[in-house]
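K.L.:
Sending over a structure as structure tokens; questions will come in a sec.
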Amino acid sequence: MAAANNIFSKIDFDKLAVRVLAVFAFVMLSYNLLVCWKVYREVPLREAASRSLMAAGSRYFYDSGLSEPLAVFALKAAVFLGADPDAAVRAEGLAMFAAVTVLTVLVLRRRAGVLAGLMAALFLAANPYLGYYAMQGDTHLYALFFLLLFWHYFDPAALNRRRAVLAGLCGGLACLARLDAAWAVLLAAGLFAALNFRSFNYKAAGVSLGLAFLLVIPYLAYQRAHYKNSFYAQELALRRWANIDQYRRDPAAPMLTAPLSAAAFVFRGGAAGALRGAFSGLGRSLAYELPKAVHYKLIIIFVFLGFYSAFVLKKDALLVFLAAVFLPVLALAPINEISAAGGITLRYYLWTLWAFCAVAGLGFQSVLEWMETQFGEWAAEKEKIILELERKKGKPQVRR
Numbered sequence: 001m002a003a004a005n006n007i008f009s010k011i012d013f014d015k016l017a018v019r020v021l022a023v024f025a026f027v028m029l030s031y032n033l034l035v036c037w038k039v040y041r042e043v044p045l046r047e048a049a050s051r052s053l054m055a056a057g058s059r060y061f062y063d064s065g066l067s068e069p070l071a072v073f074a075l076k077a078a079v080f081l082g083a084d085p086d087a088a089v090r091a092e093g094l095a096m097f098a099a100v101t102v103l104t105v106l107v108l109r110r111r112a113g114v115l116a117g118l119m120a121a122l123f124l125a126a127n128p129y130l131g132y133y134a135m136q137g138d139t140h141l142y143a144l145f146f147l148l149l150f151w152h153y154f155d156p157a158a159l160n161r162r163r164a165v166l167a168g169l170c171g172g173l174a175c176l177a178r179l180d181a182a183w184a185v186l187l188a189a190g191l192f193a194a195l196n197f198r199s200f201n202y203k204a205a206g207v208s209l210g211l212a213f214l215l216v217i218p219y220l221a222y223q224r225a226h227y228k229n230s231f232y233a234q235e236l237a238l239r240r241w242a243n244i245d246q247y248r249r250d251p252a253a254p255m256l257t258a259p260l261s262a263a264a265f266v267f268r269g270g271a272a273g274a275l276r277g278a279f280s281g282l283g284r285s286l287a288y289e290l291p292k293a294v295h296y297k298l299i300i301i302f303v304f305l306g307f308y309s310a311f312v313l314k315k316d317a318l319l320v321f322l323a324a325v326f327l328p329v330l331a332l333a334p335i336n337e338i339s340a341a342g343g344i345t346l347r348y349y350l351w352t353l354w355a356f357c358a359v360a361g362l363g364f365q366s367v368l369e370w371m372e373t374q375f376g377e378w379a380a381e382k383e384k385i386i387l388e389l390e391r392k393k394g395k396p397q398v399r400r
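Numbered according to my numbering, the sequence shown spans residues 1 to 400.
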């Protein structure tokens, strides 16, 4: 018994857990990437189907057609190096999936803890929906990568000039991957400011948001010059969403084709309709879409534990990211894009899926820390009892 205790006393269980989780996450990520490449390679591209034409027709970075320029430019670079366009779209998507998984460990190490980061990375690495949308070259993954970097650098506790510049660059690149990422950037900055309004570095935050805006201005100017509307591609997409919603309510109604502004889209049913839609979208997202996107239902238990831990341990940054990426989805969530099952495709929940996995990682870490504390108390009590028994027997008291 003493020999076993000596062996266990020499084991650093924290380092062992970190190494085991790191290996397991790497294995799961590799397996997911290989399986997705094999299974989904012949599935036709959807959103990215026209990206190769945009890449071939573009002359410079912001000249990307009816799509944000970052993914188009990445494909153009791959084709220039001799890659097949279709294979390049898929390979770049898988590369972004892997990059997001690795980045998860790096950004959560400081915000939540090493074990939380590794467990969140494991949840992401094993998620089949992330692999599927990576094979589709979905731009949500491109934007997520830079949103995570923006969130990492835009830390109110350490927001100096250098971090402000890096946050601005990453925020701008996130918007150039998907312009709707601007909502997440603005919401995250606003929520951080509201939570730290007395000590918040407003000057540095202004540098970040200003730099991000400067990076996006040429793209808005490009759309203005070509389509007479700075948000032409995005407002066309909103018109499509409005038509889908209108068709569900009244199939006989005419389908309009003109671009639709964000405000007109949100309030297309009036203020009451917007409020009703937000609550409907919230209920549907939490009850159906997000549990489906998480895939492994056991993770939901850790999500609840993670929420509790985030509030108790004051891990506000995780909750800020979750709110910033989830709130903009509520405008789309009540629309029945998929006629068979209803709701919208899960790719619009990829940012929120990351936040759920991060919160679940924190929940797992909290459970592990609680178990370690309980075990330590039990071991101390056991040692106390053994010493007391040895004292009563008259044996020498040797503290192990």
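All residues carry an ideal CB built from backbone N, CA and C; glycine is no exception.
Going by beta carbon distance, what residues of the same chain come within less than 8 Å of M135, once the five residues before and after it are set aside?
P.N.:
So the qualifying residues of the chain are C36, W37, Y40, R41, V43, R90, G93 and L94.
K.L.:
Going residue by residue through the region 62-126, where are the continuous alpha helix (DSSP H) segments of at least 4 residues, counting only ones entirely within it?
P.N.:
You should have 69-80, 85-111 and 114-125.
K.L.:
Can you tell me whether E372 is buried or exposed, with buried defined as 16 or more other CB within 10 angstroms of its CB?
P.N.:
Exposed.
K.L.:
Would you kindly check if the distance between the Cβ of N32 and the Cβ of A125 is under 8 Å?
P.N.:
Yes, they are a contact pair.
K.L.:
State the start and end residues of the unbroken alpha helix (DSSP H) segment that holds N243.
P.N.:
Run containing N243: Y232 to R249, per the alpha helix (DSSP H) assignment.
K.L.:
What does the Cβ neighbour count give for K10, buried or exposed, with the cut at 16 atoms within 10 Å?
P.N.:
Only weak support is given to the placement of K10: the predicted model assigns it a pLDDT of 49, under 50, and the value that follows is read from those uncertain coordinates. Per the 10 Å Cβ criterion, exposed.
K.L.:
My understanding is that L176 touches P69, with C-beta atoms under 8 Å, so please give their C-beta distance in whole angstroms.
P.N.:
Yes, L176 and P69 are in contact; Cβ-Cβ is about 6 Å, under 8 Å.
K.L.:
Can you give me the Cβ contacts of F8 inside the same chain, cut-off strictly under 8 Å, excluding the 5 residues immediately before and after it?
P.N.:
Since pLDDT at F8 reaches only 46, below the 50 mark, its modelled position is unreliable, and the value read off the structure follows with that caveat. So no residue of the chain qualifies.
K.L.:
Using three-state DSSP, classify G57 as helix, strand or coil.
P.N.:
Looking at G57 - three-state DSSP - the assignment turns out to be helix.
K.L.:
Quick one: Cα of F307 to Cα of M255, how far?
P.N.:
Rounded to the nearest angstrom, the two C-alpha atoms are 43 Å apart.
K.L.:
Three or more C-beta pairs closer than 8 Å, one from the region 277-292 and one from the region 327-334: is that the case here?
P.N.:
Because the criterion of three Cβ pairs below 8 Å is met, the region 277-292 and the region 327-334 touch.
K.L.:
For G361 versus A116, is the C-beta spacing smaller than 8 Å?
P.N.:
Yes, these two residues count as a Cβ contact at 8 Å.
K.L.:
Taking contact to mean at least 3 C-beta pairs separated by less than 8 Å, is the region 183-200 in contact with the region 309-320?
P.N.:
With the cut-off at 8 Å, the region 183-200 and the region 309-320 touch.
K.L.:
Contact check, Y219 vs Y60 under 8 Å by CB: the rounded distance?
P.N.:
About 11 Å; that fails the 8 Å criterion.
K.L.:
Among residues of its own chain, excluding the 5 on either side of T101, which ones have a beta-carbon nearer than 6 Å to its beta-carbon?
P.N.:
So the list reads L29, A121, L124 and A125, once near-sequence residues are dropped.
K.L.:
Leaving aside the five residues before and after P156 along the sequence, list all residues of the same chain whose C-beta is less than 6 Å from its C-beta, in chain order.
P.N.:
Hits under 6 Å: F192, N196 and F200.
K.L.:
Any chance the region 208-222 sits against the region 340-360, with 3 or more Cβ pairs inside 8 Å?
P.N.:
Flag = no, the region 208-222 and the region 340-360 do not touch.
K.L.:
Give me the residue from S261, A204 and L214 with the minimum Cα distance to N229.
P.N.:
The shortest C-alpha separation from N229 is found at S261.
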